[in-house]
Ligand SMILES: Cc1cc2nc3c(=O)[nH]c(=O)nc-3n(C[C@H](O)[C@H](O)[C@H](O)COP(=O)(O)OP(=O)(O)OC[C@H]3O[C@@H](n4cnc5c(N)ncnc54)[C@H](O)[C@@H]3O)c2cc1C
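In the numbering used here, the protein residues as written are 1048 to 1353.
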């Protein structure tokens, strides 16, 4: 109920204006977002890498837009990658890219060309790109783009969502040598026809998918904050004899930082997903949807006048 309320709020332009103009909510957003621009993001990346963490940067922009916006997103990533390289922050920092922000819903071919330009800038900077997973209606197109990009840039990462019924099959397809696959639960409201609805079924699917990825030849990226799933992943890594460089954990910036530090101290590769950009509202609403405890924090933040 709360989850769908915040998911609906994420799409409301009126609420967006209201929340963005509240100083307290800006403070709240800082907990999860690195800052409004690349400058602030780079500072946060430096702090995280100094702590021994890897990073995946996500530029928060419109989910779908005009061709001009898509070009602007491409240019933002290309410039960011060159700054990361100049600052000596690659390969520890890579980027996560949403194809919808590159115009996938307007013209798939152009979105592919923009993604290719970003992959090429990443290769020059000595790092990688991971293609985010979005609504299930885009999964086939995104995986087709992934296959195309991997012909030239084999290290391009995929994201698979455990809540989708199809994902076990996709894990089998993608568990090949050198294939970087981020496994997450999934963040969108999806119909029963394509997605498991109960958290138990999603968790069970996550474990089945994890088993396939860990047993396979690729590079699993275990993206979850769930203590039980993290413990299962540690267990499977031991079982399949995977050392620290053979899989990684990924958690969102601002979520369970003590767990991020614990895993890194245990010798694991830990990558922090770090969003930055002015359009933080939708991202913040998704984080609130995931965790009722954050809602109380948010309520305090927006009611604060400071
Ligand atoms: C690196 C990364 C990349 C992602 N990329 C995508 C993507 O491309 N597409 C997509 O659809 N989704 C993506 N997601 C989001 C993902 O699908 C989930 O919506 C999100 O991670 C919440 O799921 P969870 O696995 O943490 O489990 P949840 O079911 O949300 O939480 C499980 C448990 O984790 C603990 N926990 C969770 N949050 C907190 C918190 N704030 N503080 C303390 N404990 C907490 C609690 O014990 C909770 O019961 C990504 C997530 C990560 C971490």
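Every residue gets a Cβ at the ideal spot worked out from N, C-alpha and C, and that includes glycine. For clarity, every value in this text was computed on a predicted model and none was experimentally measured.
Local Cβ density within 10 Å of residue i, reported as buried at 16 or more and exposed below that
i            : result
residue 1247 : exposed
residue 1353 : Since pLDDT at residue 1353 reaches only 44, below the 50 mark, its modelled position is unreliable, and the value read off the structure follows with that caveat. So residue 1353 counts as exposed.
residue 1228 : buried
residue 1180 : buried
residue 1282 : exposed
residue 1322 : buried
residue 1267 : buried
residue 1312 : exposed
residue 1244 : exposed
residue 1240 : exposed
residue 1123 : buried
residue 1301 : buried
Member of the options whose CA lies at the smallest distance from the CA of residue i
i            : options                   : result
residue 1263 : 1236, 1299, 1305 and 1215 : 1215
residue 1152 : 1098, 1164, 1097 and 1182 : 1182
residue 1224 : 1201, 1123, 1124 and 1103 : 1201
residue 1255 : 1114, 1137, 1092 and 1207 : 1207
residue 1144 : 1128, 1173, 1178 and 1159 : 1178
residue 1136 : 1278, 1095, 1332 and 1337 : 1095
residue 1265 : 1217, 1277 and 1236       : 1217
residue 1328 : 1107, 1237, 1316 and 1091 : 1107
residue 1142 : 1059, 1195, 1273 and 1085 : 1085
Three-way DSSP call (helix, strand, coil) for residue i in this model
i            : result
residue 1352 : Here residue 1352 scores only 47 on pLDDT, less than 50, and its place in the model should not be relied on; the value that follows carries that caveat. Three-state DSSP puts residue 1352 in coil, outside helix and strand.
residue 1138 : coil
residue 1103 : strand
residue 1205 : strand
residue 1238 : coil
residue 1323 : strand
C-alpha gap between residue i and residue j, whole angstroms
i            : j            : result
residue 1193 : residue 1161 : 13 Å
residue 1230 : residue 1296 : 10 Å
residue 1220 : residue 1117 : 30 Å
residue 1082 : residue 1150 : 24 Å
residue 1195 : residue 1125 : 19 Å
residue 1330 : residue 1299 : 11 Å
- Message: Quick check on the DSSP output: what are the complete beta strand (DSSP E) runs of length 3 or more inside the segment 1278–1315, in order along the chain?
- Response: 1295–1299
- Message: So within the segment 1119–1199, which uninterrupted alpha helix (DSSP H) runs reach at least 4 residues, ignoring any that extend past its ends?
- Response: 1155–1171 and 1186–1199
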